[in-house]
Each structure stands twice: as C-alpha cells, then as structure tokens.
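Engineer: From first to last, the protein sequence lines are chains A and B. So for the first sequence, this note's numbering puts the first residue at 1; every next one is plus one. So for the second sequence, this note's numbering puts the first residue at 1; every next one is plus one.
Number of protein chains: 2
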Amino acid sequence: MTTSAVQTSRGPVTRKDVARYAGVSTAVVSYVVNGGPKNVAPGTEAKVREAIRVLGYRPNAAARALKLGSSETIGVVVPDNTNPFFTQLAHAVEDAAAELGFGMVLTNSDGSLTRERKNIRTLAARQVDGVFLASCVFDPDVTELEASEIPSVLLNNAGSPPGINSVGVDLEAGARAAVEHLIGHGHTNIGLAIGTNTGNQLDGREVGWLATLRDAGLPDGPMLHGPFTRPGGYEVGKRFLSMANRPTAIFASNDMQAIGILRALHEAGVRVPEDLALVSFDGSLDSEYSWPALTTVAQPVKAMAEAAVQALVGKGRGDELKHQILSTELIIRQSCGCK
Amino acid sequence: MTTSAVQTSRGPVTRKDVARYAGVSTAVVSYVVNGGPKNVAPGTEAKVREAIRVLGYRPNAAARALKLGSSETIGVVVPDNTNPFFTQLAHAVEDAAAELGFGMVLTNSDGSLTRERKNIRTLAARQVDGVFLASCVFDPDVTELEASEIPSVLLNNAGSPPGINSVGVDLEAGARAAVEHLIGHGHTNIGLAIGTNTGNQLDGREVGWLATLRDAGLPDGPMLHGPFTRPGGYEVGKRFLSMANRPTAIFASNDMQAIGILRALHEAGVRVPEDLALVSFDGSLDSEYSWPALTTVAQPVKAMAEAAVQALVGKGRGDELKHQILSTELIIRQSCGCK
DNA sequence: CTGAAAGCGCTAACAT
DNA sequence: ATGTTAGCGCTTTCAG
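Spelled out as structure tokens, the structure:
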C-alpha cells in the first residue's frame, strides 16, 4: 500500500503547494481558481484542479482581501436581531449579497448607539466593501461612516440623509393605509403605539396616522410611546387599557409592539378585534402566527435588501447618492375585524 | 488659517503613514496599536496616538489576519435564522465571542445540507478561527469540517460525535420533565410533535417522551412528524385534531411547532389548555408572548454559547475533545394548564 | 526603547 | 500558454 504524497500534516496548503504538485507556476493556479484573467490550457487546468482536490487546497481569503483591498463582504448593523423584521431583512441581505458573490457579516447594536459605532468601526477594519446600517435612531451619527470612507446605505430610513445612500419605506403612506382601513371598520377613536427612539425626526407613521385621522374629520387619538419590543408593547397595551377614553382601535407601529399589546389585551379579557381592533407594521413572520393573526403593513424586505445591495456593490455603484423609498402593502388578516 | 497636513484624500491610511507622521518606525506603531510585544516610551506612544487620531488610521484586519493566520473571528452556521432559538443562540455566541475579542460571522443554511457544506467552506476560506455548526441534521457530515482542520464544535447536539467537540442539551431529560408535568395534570393521552430531520439518530425528545409514558404505565401517545417551523407545526396541529383518538395534551419538540399548533387549535376553537394542553421545547422569546403563553423546556442558550466559545478559543482549547451536555429548565406558564 | 526587514498567501502586470 | 515577480499592510525577530 503506497502512502500518498499528500502532506495534510504540515500547516495549511498554499497556492505554492498546488503549483508544485501540478508542475505549474503559481500564476496558473490563480488563473484556474479565479477563472482568469488569463486562459489556461484544458490539460493544465485539469492537472491544477486535480492538485487542488488531492491537496485539499483552500484559497486564503485574508490574503486575497489584502491584495485586492476588498473582502467581498458587506457588513450589516441592526439594532436588535431579536426583532424578526431585522432577522428577515438580514437574511434577505445575505441572499442578495450571495447572489453577487459577497458574504455578509451581521452585527447587533442592541439598541445602543455606542455599540452601533463600535460595530461600524469593527466592520471598517475588516475591510468590508460596504455597510448597511439599520440604526437605532432616525438620524444616526453618520460621521463615523463617512470617516471610514466605505460606501454605505442606511436601511430602514425614509428620510434623505445627506452624504449617504438610503433605502426605506414610505412610512406615512403605510400608516395611512392602516388607519384608513381601521376607519373603514367604523372606528373613530384610533390610538397609536409608537417608538421611543425617534430622535429629532418625526416618525412618518405618526405623521400618517394623525393626518389620516384629521382628513377624516376624526379627533386625534391617544398616542403612547414605548420600545419597539414585545415587552414594550405589553406595557403600552396595559396603559391603553387603563385610559379613561380607551381607543377602540390601535395602530401599532411595529409587529413586536403589536404582539405585546395582544398579550395585554388577552390578559385583560379584551377580545380582538371585537372589543378592540389592531393593525400593525412590518409584516414579519410572527404577525401571521399570533392570535388573532395580525393585519399588518408589510415592508418589502426582499426588495429593500436587493436595492441596498445594488446601491452598494451593483453595477450602478459609485454614482451619485440615491434615496430610495419603497412602498408597503397592507396585509389583511383578522386583528382588524375583517372576515 | 493653516491647512492641516492630513491627506484624507489619497486612499486609506496605512501604518506607514502613521509612522511617518509620528516620526517613528512602523514597528513602534504596531507596538502601540497592539499594546505589545515591546514597550514604548510614554512620549512616543502619545505621538503615535496623536498621529493615529489625526490621520484617522484604522488597522487593516485582512493584513493582520494574513500575517497572523487568524482572523479573530468565529463562524457560525445555523439551519434557519428565522427560528428565534437560533437567533438567540447566535446572539449569545456573538456576545461571548466579543468578550474574548472575537468577531462572529453568521451564515444560514436554510435547512439545506448543500448550503451547510458551502457555508462551512466559505468560512474556512475566510480564515475563521473556529466554526460552530448547528446542523440541520442530527449526524451532520463532519468530514468537511475535519478536512478544513479548523477547530469546531457542534452546537445543539447531544450525541458524542467522533472527532469533533460538541455542546448540547439533555433532550431526553428535558422531554421527561415536560411529559411528567403533563402527566401531573392528569393527562393520559399525550402526543408528540417532532421534527423530520432526525437522520439516523433517534431524537432524545422522542426517547424521553416515550420512556416517561411507559414508566407511568400509560399507553404510547400518537406521534407526528413535521418541520421545526410554524407552518410545520400548523399542519401537525391540524392532523392531531383530526385524529380519532385525539390526545388531550401535546408535547411539541420546539417552540415554532408549538406556535403553529396553537394556530391550528385556535382556528378549530379548541381551548388551550382546557381542551388540549401543550408544552414545548426551546424557551425562545416567542414562547412568552404567544396566547396562551407556552410552558416550555428552556435551553440554556447563554451557557451553550459560552461553553462553545470556550471550547474553541478559550484557554483550554486544543485539549482533547469535549462533549458537554447542559441541562434544561422547565418554565411553567399557561399552556400546560397551570395557574 | 526603537528600527530594519522578512515574509504571511495571493493577484496581475509584465515577461517569455 | 505559462512563468516571474512586486507588493498589498501587518507583525515580530533580530540588531542596534
């Protein structure tokens, strides 16, 4: 029994080993591995491939990144990956990036601006080719990003922040659709559950909610602030319930809050939608499996991810800044009173 | 007004630029940045730090990784990041890794073995210092990992797979706790909802469920297979409902299935826990906000992540293989009939 | 305490 | 079609 010449033993296999084994130069190995920039004779290519297979060669991405100045990776910063909306967004980004041969590294800032900045710095050091920032706040500190000189896009932002690409959703229109639907069910006292992290900018959902109410000649409903989380929604829900002028319908500005509100309602024995109707925002998977299933304003997660990836590493990149606003879609389920 | 000598313009700032600006050698810059391996005079250090600040220097992680043969990163492969259990696990890994100065890159295999393998390969190329594999299957193809020669640990695995570290949870004991609790509520016909992806190995939850029933002198309950997802649970739930000998309690082997089952139950007007009790497995956040809240066997996500990170890059690494089995905790809420 | 320099693995321009 | 080689930015040994 002949021992094969393979030396799996001594450290990792480099391109040099492959070259030696195949009896060619290192350049040829590169050409084969990268499919260019030069052509290689079929016979030679076969030899190289065989060597790669036998030796178990794996290109070293760090070396490649160093040489190329690009890691073929994009970084993503989300405030909270416990929120299925961001999870799904990240997943969509991963897919869209993979399509173009890019990897993704995902970081969480857990709602902390400090962490957000730190994550951006770490990503920059990692030579990512771009970063997507879904910030905790509406007007994030973009200076860190600008300083890093790496292309970036603000995800989940509907403004037109200066100096940076953005893709977001028409929050105001989405809110209008939700509130109009509720009005269509005959509600006249419609509350709003909204986030605490609005920064200086006004949340489009608040604007849309209020405008729709006024356009319909209805009084402003009660508005409550809370974190965009299940517990946050739970607290908000209890506070709505204890109001003297309790609303008969609530527009929750994200699914997590809505799910928290639902819990508060269930615990109090308030029936949804009979006693109190609910429409939420995001269209995450969770909204489909709550009880009752949530009527929700769905964000086009896939389209957002694709637009962002295109803006960063697609063909049109490097052009002037783009601010893309995508539209939402009202998904009718049971929590609003339909069916 | 003097223009500063800073040249933010021409490409990224390298360590050489910093050295020149500070009037020292590149080695000294390294010493300062890395806090070693040599000491630097305080005055010199100050100059270097100033240069770094002024120039906006950021170390190039790719170069560092190339030189060191380590990217100070660990890779994680999960089957489905839509499942909050994995999301939370990944988050815990991110935290535990950050603690030791490691970054994390998360990849999804979407339940596909092919993707799983591809992800492992990609991670290996990225020079990650270790990979955590939460596989889609119980006995994953570890050859890919072994071939890559990068240290790895199987997460979420309760066996003692040869040639690889593992950390998992005592599924059987967890299942026993769940089923015993149900028996304590007087149930005698207890069904099991379990996954489809058990591979060759028997799922400990099935073993525990069956053993507990038999130990109590109860007949084997009905068992149904379905994907570990909400829709999977929904289907399973409908099938349970249509059974001639419908169980009065179900042990669902993960939270997602339980949530799907809950939907099926609600739609059919079956009350939980009055008409049918439910206990699930995982203890993810979602289980707390379903209606009713799920009594669930919680996995110690944080401890698992820490154990895994320690096994990979902690001080004891490189020692012989470790197979760690952690224990679960039954969290009592409402779906079982308590309170 | 500081500096010079080798070399990590890879790519691609330039030679043959 | 294939080979040679410089150099990406960094770390660290070895010399001063």
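No residue lacks a Cβ here, since even glycine has one placed at the ideal position from N, Cα and C.
Please determine, among V54/B, P37/B, G233/B, A244/B, the residue with the shortest C-alpha to C-alpha distance to V18/B.
Structural biologist: Start at 1 with the first residue of the second sequence, and residue 18/B comes out as number 18. Residue V54/B is the option with its Cα nearest to V18/B.
Engineer: Any beta carbon of chain A sitting closer than 8 Å to that of H181/B?
Structural biologist: Within the second sequence, the letter at position 181 stands for residue 181/B. Not closer than 8 Å to any Cβ of chain A, the Cβ of H181/B fails to qualify, so no.
Engineer: So, helix, strand or coil for S287/B, using DSSP?
Structural biologist: The count along the second sequence starts at 1 and reaches residue 287/B at position 287. In the structure shown, S287/B sits in a helix (DSSP, three-state: H, G or I).
Engineer: For R263/B, which residues in chain A fall below 9 Å Cβ to Cβ?
Structural biologist: Stepping through the second sequence from its first residue, residue 263/B is reached at position 263. Under the 9 Å cutoff, chain A gives E288, Y289, S290, W291, A293.
Engineer: Would you kindly work out how many angstroms separate the C-alpha atoms of A178/A and A305/A, rounded to a whole number?
Structural biologist: By one-based count along the first sequence, residue 178/A stands at place 178. By one-based count along the first sequence, residue 305/A stands at place 305. Spanning the two alpha carbons is a distance of roughly 24 Å.
Engineer: Could you check which residue in L213/B, I150/B, E172/B has the C-alpha nearest to that of L202/B?
Structural biologist: By 1-based counting over the second sequence, the position of residue 202/B is 202. The shortest C-alpha separation from L202/B is found at E172/B.
Engineer: Mapping the DSSP letters down to three states, classify E72/A as helix, strand or coil.
Structural biologist: By 1-based counting over the first sequence, the position of residue 72/A is 72. Residue state, collapsed to three classes: coil.
Engineer: So, does the stretch 258–272 of chain A touch the stretch 149–161 of chain A, judging by three or more C-beta pairs under 8 Å?
Structural biologist: Touching, no, given that fewer than three Cβ pairs across the two stretches are closer than 8 Å.
Engineer: Of the choices G101/B, L89/B, T188/B, Q127/B, whose alpha-carbon is the least far from that of Y57/A?
Structural biologist: Position 57 of the first sequence, counted from the first residue, corresponds to residue 57/A. Closest by alpha carbon: Q127/B.
Engineer: So, T44/A versus V24/A, is the Cβ gap smaller than 8 Å?
Structural biologist: Taking the first sequence and counting its residues from 1, the one referred to as residue 44/A is at position 44. Taking the first sequence and counting its residues from 1, the one referred to as residue 24/A is at position 24. Yes, the Cβ-Cβ distance between T44/A and V24/A is below 8 Å.
Engineer: Relative to the C-alpha of D170/B, which candidate in G204/B, L182/B, R239/B, H181/B has its C-alpha closest?
Structural biologist: Looking up residue 170/B in the second sequence gives position 170. Measuring from the Cα of D170/B, the nearest candidate turns out to be G204/B.
Engineer: Taking 8 Å as the limit between beta carbons, can you name the residues of its chain near R49/A, skipping five residues before and five after?
Structural biologist: Translated into the one-based positions of the first sequence, residue 49/A becomes position 49. The residues are V32.
Engineer: With 8 Å set as the bound, which would you pick, yes or no: does the beta-carbon of T188/A sit closer than that to a beta-carbon of chain B?
Structural biologist: The sequence position of residue 188/A within the first sequence is 188, counting from 1. False, the Cβ-Cβ gap to chain B never drops below 8 Å.
Engineer: Determine which residues of the stretch 254–286 of chain B have a Cβ less than 8 Å from any Cβ of chain A, and write them out in chain order.
Structural biologist: Residues I259, G260, L262, R263, H266, L285, D286.
Engineer: Does the beta carbon of E94/A come closer than 8 Å to any beta carbon on chain B?
Structural biologist: To locate residue 94/A, count along the first sequence from 1; it is residue 94. Yes, its Cβ sits closer than 8 Å to a Cβ of chain B.
Engineer: Does the beta carbon of P59/B sit closer than 8 Å to a beta carbon anywhere in chain A?
Structural biologist: Position 59 of the second sequence, counted from the start, is the residue given in the question as residue 59/B. Taking Cβ atoms only, chain A reaches closer than 8 Å to P59/B, which makes this a yes.
Engineer: Are the stretch 100–110 of chain A and the stretch 94–107 of chain B in contact at 8 Å, needing three or more beta carbon pairs?
Structural biologist: The answer is yes - the stretch 94–107 of chain B touches the stretch 100–110 of chain A, with three or more Cβ pairs under 8 Å.
Engineer: Rounded to whole angstroms, what is the Cα-Cα separation between S9/A and E329/A?
Structural biologist: The sequence position of residue 9/A within the first sequence is 9, counting from 1. The sequence position of residue 329/A within the first sequence is 329, counting from 1. Any reading at S9/A needs caution, since the residue's pLDDT is 42, under 50, leaving its predicted position unreliable; the model's value is listed next. Spanning the two alpha carbons is a distance of roughly 57 Å.
Engineer: Thinking C-beta only, is F85/B closer than 8 Å to S335/B?
Structural biologist: The count along the second sequence starts at 1 and reaches residue 335/B at position 335. The count along the second sequence starts at 1 and reaches residue 85/B at position 85. Result no, Cβ atoms of S335/B and F85/B do not sit closer than 8 Å.
Engineer: Contact check, S280/B vs L294/B under 8 Å by CB: the rounded distance?
Structural biologist: On the second sequence, residue 280/B is found 280 positions in, with the first residue counted as 1. On the second sequence, residue 294/B is found 294 positions in, with the first residue counted as 1. That belief holds up - the Cβ atoms of S280/B and L294/B are roughly 5 Å apart, short of 8 Å.
Engineer: Which residue wins for smallest C-alpha separation from P222/A, given the options K47/A, A252/A, Y234/A?
Structural biologist: Position 222 of the first sequence, counted from the first residue, corresponds to residue 222/A. Considering only alpha carbons, the answer is A252/A.
Engineer: Taking H185/B as the query, report the chain A residues whose CB atoms sit under 8 Å from its CB, ordered along the chain.
Structural biologist: Within the second sequence, numbered from 1, the residue matching residue 185/B stands at position 185. Those within 8 Å of H185/B in chain A number zero; the least Cβ separation is about 21 Å.
Engineer: Going along chain B in order, which residues have a C-beta closer than 7 Å to the C-beta of T122/A?
Structural biologist: The residue labelled residue 122/A in the question sits at position 122 within the first sequence. Those within 7 Å of T122/A in chain B are G103.
Engineer: Three or more C-beta pairs closer than 8 Å, one from the stretch 174–189 of chain B and one from the stretch 206–224 of chain B: is that the case here?
Structural biologist: Flag = yes, the stretch 174–189 of chain B and the stretch 206–224 of chain B touch.
Engineer: At a Cβ threshold of 8 Å, is L71/B touching chain A?
Structural biologist: Here residue 71/B corresponds to residue number 71 of the second sequence, with the count starting at 1. According to the sequence shown, residue 71/B is Ser rather than Leu. Chain A, which has a Cβ nearer than 8 Å to the Cβ of S71/B, makes this yes.
Engineer: Terminal residues of the continuous alpha helix (DSSP H) containing V236/A?
Structural biologist: As a first step, residue 236/A is located in the first sequence; it is residue number 236 there, counting from the start. Start and end: 230–241.
Engineer: To the nearest angstrom, report how far apart R176/B and A216/B are at their CA atoms.
Structural biologist: Here residue 176/B refers to the residue found at position 176 when the second sequence is read from its first residue. Here residue 216/B refers to the residue found at position 216 when the second sequence is read from its first residue. For R176/B and A216/B, the distance between alpha carbons rounds to 11 Å.
Engineer: Is I190/A near A249/A, with beta carbons less than 8 Å apart?
Structural biologist: To locate residue 190/A, count along the first sequence from 1; it is residue 190. To locate residue 249/A, count along the first sequence from 1; it is residue 249. Yes, the pair counts as a contact, with Cβ atoms nearer than the cut-off.
Engineer: Would you mind sorting T82/B into buried or exposed? The rule is 16 or more other CB atoms within 10 Å of its CB.
Structural biologist: One-based indexing of the second sequence puts residue 82/B at position 82. So T82/B counts as buried.
Engineer: In chain B, what lies closer than 7 Å to Q127/A by C-beta?
Structural biologist: Counting from one through the first sequence, the residue named residue 127/A turns up at place 127. In chain order: N60, A61, A62.
Engineer: Taking its Cβ as the centre, do 16 or more other Cβ atoms sit within 10 Å of G233/A, making it buried, or is it exposed?
Structural biologist: As a working note, residue 233/A is residue 233 in the first sequence. Under this definition G233/A is a buried residue.
Engineer: Going by C-alpha to C-alpha distance, which of Q310/A, G337/A, Q324/A, I332/A sits closest to P151/A?
Structural biologist: Taking the first residue of the first sequence as position 1, residue 151/A is located at position 151. For P151/A, the nearest C-alpha among the options comes from Q310/A.
Engineer: Nearest-angstrom Cα distance between G36/A and K322/B?
Structural biologist: As a working mapping, residue 36/A is identified with position 36 in the first sequence. As a working mapping, residue 322/B is identified with position 322 in the second sequence. Approximately 44 Å between the Cα atoms of the pair.
Engineer: Can you name the residues that DSSP bridges to N165/A?
Structural biologist: Taking the first sequence and counting its residues from 1, the one referred to as residue 165/A is at position 165. DSSP output for N165/A lists V153/A as bridge partner(s).
Engineer: Got a sec: is the Cβ-Cβ distance from L145/A to anything in chain B below 8 Å?
Structural biologist: Mapped onto the first sequence, residue 145/A falls at position 145. Judged by the 8 Å Cβ criterion, L145/A is not in contact with chain B.
Engineer: Less than 8 Å between CB atoms is the rule here; does L89/A satisfy it with respect to chain B?
Structural biologist: Taking the first sequence and counting its residues from 1, one reaches residue 89/A at position 89. No, L89/A does not count as interfacial toward chain B.
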